[in-house]
Amino acid sequence: MTVTVEELLTSEINQPARYLGNELGAVRQPWDAATVRWVLTYPEVYEVGASNLGHIILYNILNAGPRQLCDRAYLPAPDLAAKLRSTQTPLFAVESRRSLTEFDILGFSLSYELGATNILEMLDLAGIPLTWQERATSSELPLIFAGGQTATSNPEPYADFFDFIALGDGEELLPEIGLILAEGKTNALSREALLLDLAQIPGVYVPQFYDMAPDGSVHPNRPDVPPRILRRVATPIPAYSIGLVPYVQTVHDRLTVEIRRGCTRGCRFCQPGMLTRPARDVEPQQVVEAIEKGMKATGQSEFSLLSLSCSDYLALPAVGMEIKNRLKDKNISLSLPSQRVDRFDDNIADILGGTRQGGLTFAPEAGTQRMRDIVNKGLTNEELLRGVKTAVDRGWDKIKLYFMIGLPGETDFDVLGIAETVRWLSRECRIDGRRRLNFNLTISNFTPKPHTPFQWHSVSTTEFARKQKLLREEFRGMKGVKVNFTDVRISAMEDFVGRGDRRLAAVVRRAWELGAGMDAWWESLDKAHKAWTVAIAQSDLTWKYRQVESGEWNLFAEKEVTPPSPPQGGKFRNQEEGRNQREDFPQSPPPSISPSPNLPLPLLDQPLPWDHLDTGIDKNWLKLDLQKALAAATVPDCSFEGCSHCGVCGTDFGHNIVVEPLPIPPFAGEFVPNQERKQRFRVWFGKVGDMALVGHLDLVRLFDRVFRKADLPISFTGGFHPNPRISLANALPLGVSSTGEIVDFELTESMDSQEFRAKLVAHLPPNIPVYKVEAIDLKAPSANQLLEAAEYLITVAVAGAVAENDESKPENVTPVYVAASDQWQAWVQAILEAEDFWREHTTKSGKTQQVNLRDRLQELEVVDCQSADSRNSQGKAVLRYQGSCRSDGNVLKPEHLVWMLEQVSHQEIQLLHIQRSQLILSYG
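Letter 915 of the sequence shown, counting from 1, is numbered 959 in this note's numbering, and no numbers are missing.
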C-alpha cells in the first residue's frame, strides 16, 4: 500500500522536504521487477542520515545489483512521528512511499551506543514487532538487521532486536546477502532456514543461533554455525560515493569521497582505528576522477576527502592540488575532517579551502606528553606547536582542538595540562605577532570501547564531573578560548551500554518505552537520561551502573608525590613560563605513576561479551599493548614502520596498502570570480507538486547546483565570498505552489535564449517547469525591484466544513454553518465595497503599526464554489485575488485575505490551499 505522503505533510510539519524522496540521484526501481526489496534505514533525522557516506555507498551498490531494489527511510522528527501515530499511518520508505512491512529486508546503521532507542522507535512506527522472538513465526515480516561500527564492536546489548548482524564493511557483504535472499524466496524457505543460510556467509552473525553463558560470553547453540564470526573487509570504491543530493541542507552538505579506509596509528582509546584495520589507500587516479565526475554530476560547491587520518594518505598534497587545478574555475572548496597536527604543513595548507576557507581541527587528545604516550598518540609538543604555527602563518585565526579527560593513568596534573597547553599555544602563536589566536575546544569524557587495549579500564562519572570543574576554573578568564564539555550523563549511558551483554536488551527497550530517543541531542538529553535512569533502576543491573558512576577499578595507581608548585607562588592557572626548558611544566615534578597494585590482572583473562567476534585483532596483543601503556611506551604506525603483530594482516583481512607520495603539480592559481556581466535572462517558472514543500533557501541552492551541472557561464559577485548572480523576485512561502515565479540570471557570456533554456530545463526537476525565458537589458532594474503585485488562487472553507486531510465523512465533520455559493459572493462583495480593514502589523525591527489591508487589495472574485447541500459536498470556495507584493514590505498575504473574510462573515475561515498564479512587474 502506498502512503499518501502529501496528506501527512501539512503546515505543522517542519521541513517536509525531508520525506519526499525526490532528491537528485534518487533511484526509483520498478517495484514488480525486483526480486529482493531492501530498505536502508538510518536511525537519525534526515539531515544526518542522508549525508552519511556509508548510507550513500551501500544504497548505490544495492541498486546497481540485478533484480535488487533499495529504498531509504529515516527517523521522522517528533512532529511527523506523532502524526503517523495519530493517523495510524505506518512509517514509509521515502521513494516508493510504501510501508516498511512490504519490503523483504530492513537494514539499520548502528554507529552509536545510544542509537538503539531510535531503531525501536522506527520499528514501532512501522508496525513491526521489536524482537526476533516476536517475529520468528511470521513469514510476512521483513528481516531486520544492523551494521555499522557499534554493531560490529559489540552487538550483544541489541541482539534481541535483530534477526542478524552484518559485521564490518558492507560493499561486498550486502550483495552476497541479497543473493541468498533471492534464492530463499525462490525456494520458499522458512524464516529460520533462511537465517541459517545467511549464517554461513562470513560476516553474518545470527544471534538466535547463539546463547549467552552465565559469565556473559556467547557460544553457538547448534553445530552448523561458526563459533566465531569474521569481520568483513572491503576495498573502497570512490565511484559509489556519487549520488544523493538532498534539496534540504544536511549536516555534511558536500560531496564526500573516501581516500583511505582504516588506521594503523594505534591510539589505544580509538575503536575505529582497531576495527578498520588494515589501512587501505585508494588509488589517487580513482580519487581525482571520482571528485571531478562527482562535482559535475551533483553540482556541489564543496567536497571533502574522508579518512580516519587524512594526513596519513601520503598522496594527499598531490591529489588535492590536482583536483584544485582541474576545478579552479568552478568556485569549489575542499574541506578535511580532523587532521594529524604533526603532518599538517604548507603542502596540505595549500590545498585546503578555496574562496571559502573552512575550519581547521586538530586532536592532541591530552595535555601532557606522558598522557599522549600512554594513549600512543605519537605527538610531541614540538610537533603540536609547529602544526599550529603553520596554520597561523597560512591565515587561520581560529582552530578547533579535541581533548579527552578520564584517560587511564590521568592525574589532576594531566587534566590541568590541557589548559596549560592551550595557554602555551596562545602565547607562542600570535597572528601577525600581535593578535591572539582563537581556540574552540571540545573536551570529551573518555569511555572505554571493546576491542581496544583500554577495554578493561573502568571510568568514573563522578571523577568526570570533578575534572570538568577543575578545567572550568582553570579556563575562567582565559581570553580567546571557547570550551565545550561533553555532558557526563551521555558518557555514563554510553559506557553502561557499550560494554554490556544481552541482559541490557530489556533495559534498552524499557528506556525507549519511557521516552528515550534522539538521546545524543541536547534538547532530548534530560528526558533521555531520566528514562534510562528509571529503566536501569527497574532492572537487576543497578550495580553495574553504580560502577560507572563511581569507578570499579583503575589500571593505574598514583603514589604520593609533592604537588606541582606554580612559579612565583601564583595559582597554577597563571603559570606562564617554561615549555622551552622541558616539554611539560618544567618547574613541577612529574607525578609518579605505576601499575595499580590492586589491578585484578586475572580479569584480563575473563571472557568478554564480544569475544565471539573475530575482528582480526589478537586479544593477547591487546593485553600486551595495555602493558606497554602502563609503562607509557609507544608503538609505531605499522603502515610506515615495522609490524606491530596485532594479528590482522593475513588471508582473511588482507594487508596494509600504502600509496607512496606523488609529485605535487604546480599550483594553477586560485579561483578568480568572473564578475563580467554580458547578458541577463529573466525566467518565469513554476514550483508545483512536491517541490512546493522545498523552502526558499533550498531553492536558491538548487539553482546554484543546476548552473554548475549545466556548465552555464554564471557571473559572480565580488568580495571574500563571491556568490552567483541569481536573484529571485520574491520568496514563496513553504507549502505554496506557484505557476508564476520569476528569477534573474546574469551571465559572463552571451547566449541564445533557446540554448540557455534547453540547458537549464535539462537539469531542473520536473516539478520546476520553465514557462518563459527572456533576455533583459543589463541596466534594467531587477525583478525584485520591479515587483508590484501578486495574483493568488486560494481555496477556503468555513471552519468545520472540511475535516482534517480533506476527509468529508459525516462523522469527521463538525456541524457548523456552511456557506452557500451566493454567501461567498456576498462576502467578497462586502470586502470590495469596504473602505478599510485596519490591522496591527509588527515590523522586522519590532515596532507595531496599523495598516489598512484594503488599500493593498486590488482585485477579488469567486472562481469556483461548492455548496454543502449534499453529504459528500465540502462547502469550499476558490477565490482569486490580486494584491500588493512589494519588496518594501507592502504585501497582502493570503492569511490577510482570510482575516478580512472572517471580519465580514463573522465565521472562522479555513485556508486549505494556496497557489500563486503570477507575479506582476511594473515597468513604469
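Virtual Cβ for every residue (Gly too), placed ideally from N, Cα, C.
Quick caveat, the model's predicted, so the values are computed rather than measured.
The beta carbon of Ala180 sits closer than 6 Å to no other beta carbon from its chain once the five residues preceding and following it are set aside.
Note that the segment 267–276 touches the segment 213–227; at least 3 beta-carbon pairs, one per stretch, sit closer than 8 Å. Restricting attention to Ser771, Arg272, Val750 and Pro122, the CA atom closest to the CA of Arg726 is found in Ser771.
As far as DSSP is concerned, Tyr202 takes part in no beta bridge. In the structure shown, Met537 adopts helical secondary structure according to DSSP, grouped into three states.
Secondary structure note for Glu302: its beta strand (DSSP E) is the uninterrupted segment Leu299 to Glu302. Our two residues, Ala712 and Ser353, have alpha carbons roughly 27 Å apart in a direct line.
Straight-line measurement puts the Cα of Phe490 at about 20 Å from the Cα of Ala675. The residue from Pro110, Ser183 and Thr85 with its alpha-carbon nearest to that of Leu144 is Thr85.
Minimum Cα-Cα distance from Ile335 among the listed residues Pro322, Leu349, Arg324 and Glu832 corresponds to Leu349. With distances taken between CA atoms, Val703 lies nearest to Ser355 out of Glu88, Gln73 and Ser355. For Arg726, no alpha helix (DSSP H) encloses it; the enclosing beta strand (DSSP E) starts and ends at Gln723 to Lys731. The segment 408–425 and the segment 676–688 touch, with three or more beta-carbon pairs separated by less than 8 Å. The Cβ neighbour count for Thr308, taken over all protein chains shown within 10 Å, is at least 16; the residue is labelled buried. By the Cβ rule, the segment 160–168 does not count as touching the segment 52–68, because fewer than three pairs are nearer than 8 Å.
Spatial neighbours of Ala323 in its own chain (CB-CB distance under 8 Å, excluding positions within 5 residues in sequence) are listed in chain order as Arg304, Arg305, Gly306, Cys307, Thr308, Asp356, Ser683, Asn700, Ile701 and Val702. Shown here, Gly222 sits in a helix according to DSSP, grouped into three states.
Ranked by Cα distance from Val385, the first of Glu567, Gly403, Ala870 and Ala407 is Ala407.
Remark: C-beta atoms of Trp500 and Leu358 do not approach each other more closely than 8 Å. Trp82 is bridged by DSSP to Cys114 and Ile149.
In summary, Thr230 is exposed, with fewer than 16 beta-carbon neighbours lying within 10 Å of its beta-carbon over all protein chains present.
Taken through DSSP and simplified to helix, strand or coil, Ser966 comes out as coil.
Ser794 sits exposed, since fewer than 16 C-beta atoms from the chains shown fall within 10 Å of its C-beta.
Inclusion of Arg111 and Ala137 in the CB contact set at 8 Å is not warranted, their separation being larger than that value. Every candidate alpha helix (DSSP H) stretch fails here, since none sits fully inside the segment 438–470 while reaching 4 residues. The Cβ atoms of Ile964 and Ala773 lie no closer than 8 Å to each other.
Here DSSP, grouped into helix, strand and coil, assigns Gly698 to strand. One thing to note: Tyr836 has its Cβ within 8 Å of the Cβ of Ser961. Nearest Cα to Val552 within the set Glu427, Gly98, Thr783 and Glu200: Glu200. In the three-state scheme derived from DSSP, where H, G and I count as helix and E and B as strand, Val89 is classed as coil. With a contact defined as Cβ atoms closer than 8 Å, Met45 and Arg142 qualify at about 7 Å. As the crow flies, the alpha-carbon of Asn934 is around 26 Å from that of Ile820. Here Lys816 is bridged, per DSSP, to Trp728. Taking C-alpha positions only, Pro705 is separated from Ala121 by approximately 46 Å. A contact is defined here as three or more CB-CB pairs under 8 Å, and the segment 96–110 fails this definition with respect to the segment 166–175. Here the alpha carbons of Leu514 and Glu426 stand approximately 26 Å from one another.
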